[in-house]
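Residue numbers (this note's numbering): 6 to 132. Below is one structure, written out as structure tokens; the observations come after it.
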Amino acid sequence: MGLPKQNRLRHPQAFKTVYNRGKRYQSSHLVMRVFCKNDQQEAKLPTQFGISISQKVSKKAVVRNRLKRQIKAVIRLFLPRIKQRCQVVIVVKRNTTECKYEHFLRELEELLIKAEIIYGYKREHLL
6 MGLPKQNRLR
16 HPQAFKTVYN
26 RGKRYQSSHL
36 VMRVFCKNDQ
46 QEAKLPTQFG
56 ISISQKVSKK
66 AVVRNRLKRQ
76 IKAVIRLFLP
86 RIKQRCQVVI
96 VVKRNTTECK
106 YEHFLRELEE
116 LLIKAEIIYG
126 YKREHLL
């Protein structure tokens with residue numbers, strides 16, 4: 006099951022905006038760019054996520070799609086705790102093909118805490 010439509014970052018222009026204006030956070034397998042809007046009019050917009058996986062990660066679409074599914078599952082766990090009006094792009098690094106779900110869970114949680122877009126963030130893991 007994917008992300009809800011309102012939480013998907015779909016348009017190329019939105020990806021460009023996040024790349025150009027967002028802050029960068031990285032871990033051993035993931036790079037996360039975050040752009041939070043400050044406008045009062047857009048205060049109720051949901052946070053949107055985009056996932057970028059290059060063919061350099063794997064030539065096989067099956068592997069890339071599996072990685073996307075795992076990352077989306079982790080994002081769904083955190084959605085209730087994530088602040089509104091942010092746009093997030095998650096880029097997967099090359100050495101990620103053998104990464105386990107639990108590892109994605111820890112890394113993504115650490116990146117979201119670094120970016121300070123989780124409500125009531127603490128340094129404790131879900132596992």
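We put the beta carbon where it would ideally sit given N, CA and C, even for glycine.
Classification of residue i by the beta-carbon crowding that lies within 10 angstroms, buried from 16 upward
i	result
residue 92	buried
residue 34	buried
residue 67	exposed
residue 11	exposed
residue 75	buried
Three-state secondary structure assigned by DSSP to residue i
i	result
residue 69	helix
residue 18	helix
residue 75	helix
residue 25	helix
Residues bridged to residue i (per DSSP)
i	result
residue 37	30 and 95
residue 13	54
residue 123	87
Notebook entry, point to check: Between the stretch 105-115 and the stretch 14-29, do three or more beta carbon pairs fall short of 8 angstroms?
Noted result: no
Notebook entry, point to check: Can you find at least 3 beta carbon pairs, one from the stretch 51-66 and one from the stretch 113-121, that sit closer than 8 angstroms?
Noted result: no
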